[in-house]
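S.K.:
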Amino acid sequence: MAFDVVNPVTGAVGRSYDEMSPVEAGATVARAEASHLEWRRTPFAERAGPMRSAAAILRERADEWGRLMAEEMGKPVTQGRAEAEKCAWVCDYYASNAERFLAHEEIDTDARRSFVAFQPLGVILAVMPWNFPFWQVIRFAAPTLMAGNAAVLKHAS
Numbered sequence: 001m002a003f004d005v006v007n008p009v010t011g012a013v014g015r016s017y018d019e020m021s022p023v024e025a026g027a028t029v030a031r032a033e034a035s036h037l038e039w040r041r042t043p044f045a046e047r048a049g050p051m052r053s054a055a056a057i058l059r060e061r062a063d064e065w066g067r068l069m070a071e072e073m074g075k076p077v078t079q080g081r082a083e084a085e086k087c088a089w090v091c092d093y094y095a096s097n098a099e100r101f102l103a104h105e106e107i108d109t110d111a112r113r114s115f116v117a118f119q120p121l122g123v124i125l126a127v128m129p130w131n132f133p134f135w136q137v138i139r140f141a142a143p144t145l146m147a148g149n150a151a152v153l154k155h156a157s
């Protein structure tokens, strides 16, 4: 089954995407798991680099993204640009704060030493609607990736 991107103003089909087969989906998850095994060992400072790069690209191309959202969803261009900027802010926010958020926390118990340790979990799946196409992805992906996990996203159907 193909998914068509239809301009809501003109009705024109922009692009079509084929649905992934179960085998393709499984291969995608396997690649994500393989990536996670390396990514989880990557220091926070190195994880922050790609996140800051994503923020810069979102800002640099905000006009383009705004027009794309207008064509594909009928969203006003100004709202699309604002969504891209909000996503850039979130990328920078987690790049700057994830290490602090995920630092070990000493806790008071009867034991000699107790703490809560936050460790990467693996491949994290999100099922998201597309009413905010960039925001739904970034609000999930930025903290997930900065925590050392791999992210797999499926649109809600």
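In my numbering, the protein residues as written are 1 to 157. Using N, Cα and C, we set each Cβ at its ideal position, and we do this for glycine too. Owing to the predicted nature of the structure, the values given are computational and were not obtained by experimental measurement.
For the region 11–23 against the region 44–55, are there 3 or more C-beta pairs whose distance is under 8 Å?
M.R.: At 8 Å Cβ cutoff, the stretches do not touch.
S.K.: Are there three or more Cβ pairs, one per stretch, closer than 8 Å when the region 41–48 is compared with the region 134–142?
M.R.: The region 41–48, when compared against the region 134–142, does not touch it at the 8 Å Cβ threshold.
S.K.: Starting from D63, trace the alpha helix (DSSP H) in both directions and tell me its first and last residue.
M.R.: Note, D63: alpha helix (DSSP H), A62 to M73.
S.K.: Assuming contact is defined by CB atoms lying nearer than 8 Å, are F140 and A150 in contact in what I supplied?
M.R.: It is not a contact, given that the beta carbons lie outside the stated cut-off.
S.K.: With 16 other CB atoms within 10 Å as the buried threshold, where does D92 fall?
M.R.: Its Cβ being crowded by 16 or more others within 10 Å, D92 is buried.
S.K.: Based on Cα-Cα distance, which residue from Q79, G122, E105 and P120 lies nearest to D159?
M.R.: Any answer about residue 159 is impossible in this case: the structure gives the chain only from 1 up to 157.
S.K.: Can you tell me whether A117 is buried or exposed? The criterion is at least 16 other CB atoms within 10 Å of its CB, across all chains shown.
M.R.: It is exposed - the Cβ of A117 has fewer than 16 other Cβ atoms within 10 Å.
S.K.: In or out: R31 buried (at least 16 other Cβ within 10 Å) or exposed?
M.R.: When all chains shown are included, R31 counts as exposed.
S.K.: I need the DSSP call for D108, collapsed to helix, strand or coil.
M.R.: DSSP places D108 in coil when its eight states are reduced to three.
S.K.: Using only the alpha-carbon positions, how far apart do G74 and L153 sit?
M.R.: One C-alpha to the other measures close to 23 Å.
S.K.: Excluding five sequence neighbours on each side, which residues of the same chain lie with their C-beta closer than 6 Å to the C-beta of E106?
M.R.: Result list for E106: F115, in chain order.
S.K.: Among the residues of its own chain, which have a CB less than 6 Å from the CB of I138, if the five just before and after it don't count?
M.R.: Answer for I138: C87 and V90, listed in chain order.
S.K.: Using the three-state DSSP reduction, which class does V9 fall into: helix, strand or coil?
M.R.: Correct three-state label for V9: coil.
S.K.: Measuring CA to CA, which of D4, G14 and V29 is closest to V123?
M.R.: For V123, the nearest C-alpha among the options comes from V29.
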